[in-house]
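Everything below concerns the one structure shown next.
Chains as they are written, first to last, in our numbering: chain E, 46 to 344; chain V, 5 to 59.
As structure tokens, this is what we get:
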């Protein structure tokens, strides 16, 4: 019972954040998504247009969820909401292109995802992201998303302090997106080789748990929100990054995979929860009651 | 974050559609009282958003 005041205080904070979210943040998110929706409608290539519109409609939950971080820095909402929505929209669009596209070409996936790295480079420009892709006539949609991020990142007073960690998280995200979308015959081996290069930074994790953590954008959004504080120090950035990666990020994406199991099975998409012997086993691992390195199920 | 994420994700209708109630309950319980309180609030939030999205 001694924990009750703490729980009530936590609950009051979360309810206050929820109120701010409903009143201020989500209407802004709706506005931003509506703008990108209109822009996506103008994409000349029919397939690229379809994927852009599907990603905006079917994955808006991720943009809404990411924008929770804007509620933590209300004075910066006008910068953080457009930034988080645009960055998440790039991620959602490219995920659709890789999932449902016509190739399994790693060079194509790598070049497309250069957009994510450029988006968090305030001094950067844009590139020919479709250089290895069979379609390219997007009417400047992807470049416009990248530039929208760059404009907002430039306004963050402590961006220089978080930039290195942000780029590290995005680089890991890009690696994951490249390897997990390869041909089903080679993707698992590629992911295992990639994990072996990072194993020391993720002790206690199975390879698919590390991969899941790399697939979360939450760590990036937390750092962007923190960069609104001019006094942000290097030690705070390190502890924030360590708090999110790999554990919170891993939990985030494993929960996402947990609820998407049927959908991923129907499309033949990789789902990291499938590597646990049963859903109950996955739940026990998520709650910390199962050890790492538990015998995976046959994928 | 560790309380809110399970509460939010496990509020999704897909949990019931795939009959994942049992493992979902285990995760929510492990999150502690705050997660258990937040879970119905998140369900309400998702229903409101879905109702808004479908007009």
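Note that the Cβ used here is the ideal one computed from N, Cα and C, for glycine as well.
Quick caveat: nothing in here was measured; it's all calculated off a predicted structure.
Measuring CA to CA, which of the options is closest to residue i?
i              : options                           : result
residue 25(V)  : 38(V), 11(V) and 37(V)            : 11(V)
residue 60(E)  : 39(V), 17(V) and 53(V)            : 39(V)
residue 148(E) : 179(E), 88(E), 278(E) and 247(E)  : 179(E)
residue 137(E) : 231(E), 299(E) and 260(E)         : 260(E)
residue 112(E) : 330(E), 63(E) and 142(E)          : 63(E)
residue 285(E) : 263(E), 297(E), 301(E) and 56(E)  : 263(E)
residue 7(V)   : 20(V), 36(V), 27(V) and 48(V)     : 36(V)
residue 151(E) : 220(E), 100(E), 244(E) and 328(E) : 220(E)
residue 409(E) : 244(E), 183(E), 245(E) and 231(E) : The first residue shown for chain E is 46 and the last is 344, placing residue 409(E) beyond what the model contains.
residue 302(E) : 326(E), 280(E) and 257(E)         : 257(E)
residue 291(E) : 229(E), 245(E) and 304(E)         : 245(E)
residue 18(V)  : 308(E), 68(E) and 313(E)          : 308(E)
residue 228(E) : 314(E), 293(E) and 133(E)         : 314(E)
residue 324(E) : 247(E), 165(E) and 299(E)         : 299(E)
residue 158(E) : 177(E), 168(E) and 167(E)         : 177(E)
residue 223(E) : 91(E), 155(E), 74(E) and 287(E)   : 155(E)
residue 281(E) : 326(E), 203(E) and 297(E)         : 203(E)
residue 56(V)  : 198(E), 327(E), 67(E) and 211(E)  : 67(E)
residue 129(E) : 165(E), 141(E) and 304(E)         : 165(E)
residue 74(E)  : 109(E), 50(E) and 89(E)           : 109(E)
residue 276(E) : 212(E), 207(E) and 241(E)         : 207(E)
residue 163(E) : 115(E), 88(E) and 199(E)          : 199(E)
residue 71(E)  : 326(E), 225(E) and 114(E)         : 114(E)
residue 326(E) : 30(V), 20(V) and 48(V)            : 30(V)
residue 225(E) : 127(E), 139(E) and 117(E)         : 139(E)
residue 65(E)  : 92(E), 126(E) and 49(E)           : 126(E)
residue 116(E) : 135(E), 247(E), 58(E) and 232(E)  : 58(E)
residue 168(E) : 248(E), 100(E) and 197(E)         : 197(E)
residue 212(E) : 232(E), 230(E) and 266(E)         : 266(E)
Taking Cβ-Cβ distances shorter than 9 Å, what residues in chain V pair up with residue i?
i              : result
residue 324(E) : 22, 24, 26, 27 and 28
residue 195(E) : Near residue 195(E) there are no residues of chain V at all, since even the closest Cβ is about 27 Å away, more than 9 Å.
residue 331(E) : 10, 27, 30, 31 and 34
residue 293(E) : 5, 6 and 9
So which residues of chain E does residue i contact, with C-beta pairs closer than 7 Å?
i             : result
residue 42(V) : 59
Residue i versus chain V: which residues are under 7 Å apart at the beta carbon?
i              : result
residue 52(E)  : 37 and 38
residue 55(E)  : 38
residue 297(E) : 9
residue 129(E) : The contacting residues do not exist; residue 129(E) stays about 15 Å from chain V at best.
residue 306(E) : 22
So which residues of chain V does residue i contact, with C-beta pairs closer than 8 Å?
i              : result
residue 251(E) : In chain order: nothing, as chain V lies at least about 18 Å away.
residue 327(E) : 27
Who are the neighbours of residue i on chain A, taking C-beta pairs under 9 Å?
i              : result
residue 301(E) : No chain A appears in this structure, whose protein chains are E and V.
Every unbroken alpha helix (DSSP H) within the region 66-115 of chain E, with a cutoff of 4 residues, ordered by chain: 71-86, 91-103 and 105-111
Contact the region 118-137 of chain E vs the region 253-271 of chain E: 3+ CB pairs below 8 Å: Result yes; three or more Cβ-Cβ pairs closer than 8 Å.
Segment contact flag, the region 76-86 of chain E with the region 159-172 of chain E, C-beta cutoff 8 Å, min 3 pairs: no
Segment contact, 8 Å Cβ cut-off, at least three pairs: the region 304-323 of chain E with the region 241-255 of chain E: yes
Three CB pairs or more closer than 8 Å across the region 182-202 of chain E and the region 212-221 of chain E: no
Touch test, the region 126-146 of chain E against the region 82-98 of chain E, Cβ-Cβ under 8 Å, three pairs minimum: yes
Alpha helix (DSSP H) runs wholly inside the region 191-246 of chain E, at least 4 long, in chain order: Here the runs fully enclosed are 204-225 and 229-243.
Segment contact flag, the region 191-208 of chain E with the region 236-251 of chain E, C-beta cutoff 8 Å, min 3 pairs: no
Cβ contact (3+ pairs, closer than 8 Å) linking the region 49-57 of chain E and the region 101-110 of chain E: no
Contained alpha helix (DSSP H) runs [length at least 4] in the region 138-180 of chain E, N- to C-terminal order: 151-164
Completely contained alpha helix (DSSP H) runs for the region 245-303 of chain E, where each covers 4 or more residues: Listed in chain order, they are 252-259, 263-271 and 279-288.
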